[in-house]
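Reading through the structure tokens given below for one structure.
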Amino acid sequence: MVTKKKTKKKVSQGLAIAALLINVLLIPGLGTIIAGRKSEGLFQLILLIIGIALSFFLIGIPIVILVWIWGLVTGIQLIKEAE
């Protein structure tokens with residue numbers, strides 16, 4: 030059985046920095062999608078929306094904080110992997 034390895038498409042340094050800034054300053058997940066990690070970014074966006082909706086009950090605040098940290102980590106990973 031032959032398995033194919035998934036190769037991540039490398040992004041440029043500028044795009045990686047832009048993705049980090051978008052993830053941290055604007056909307057976590059949007060920068061990830063722009064950098065080409067569509068499924069991961071979509072998951073971050075969905076969790077962010079759920080967290081914001083649940084923030085009215087205070088349980089969503091930790092979710093929003095965790096998604097923001099996840100977006101920050103993803104942005105840093107993109108910069109490290111950039112060409």
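Under the working numbering, the residues of the sequence shown are numbered 30 to 112, in order.
Just so it is clear, CB atoms sit at the ideal spot from N, CA and C, and this is done for glycine as well.
Because the structure is a prediction, the values reported are computed rather than measured.
Short Cβ contact (9 Å threshold) for residue i with residue j
i, j, result
"residue 79", "residue 89", "yes"
"residue 44", "residue 58", "no"
"residue 103", "residue 65", "no"
"residue 63", "residue 47", "yes"
Assigned secondary structure, residue i (DSSP; H/G/I helix, E/B strand, else coil)
i, result
"residue 117", "The structure shown does not extend to residue 117, since the chain is modelled only from 30 to 112, so the question has no answer here."
"residue 82", "helix"
Whole-angstrom distance between residue j and residue i, CA atom to CA atom
i, j, result
"residue 139", "residue 94", "Here the chain has residues from 30 to 112 only, and residue 139 is not among them."
"residue 52", "residue 109", "16 Å"
"residue 97", "residue 106", "14 Å"
Unbroken alpha helix (DSSP H) run spanning residue i, endpoints
i, result
"residue 100", "89–110"
"residue 56", "Note, residue 56: premise wrong, no alpha helix (DSSP H); not H, not E."
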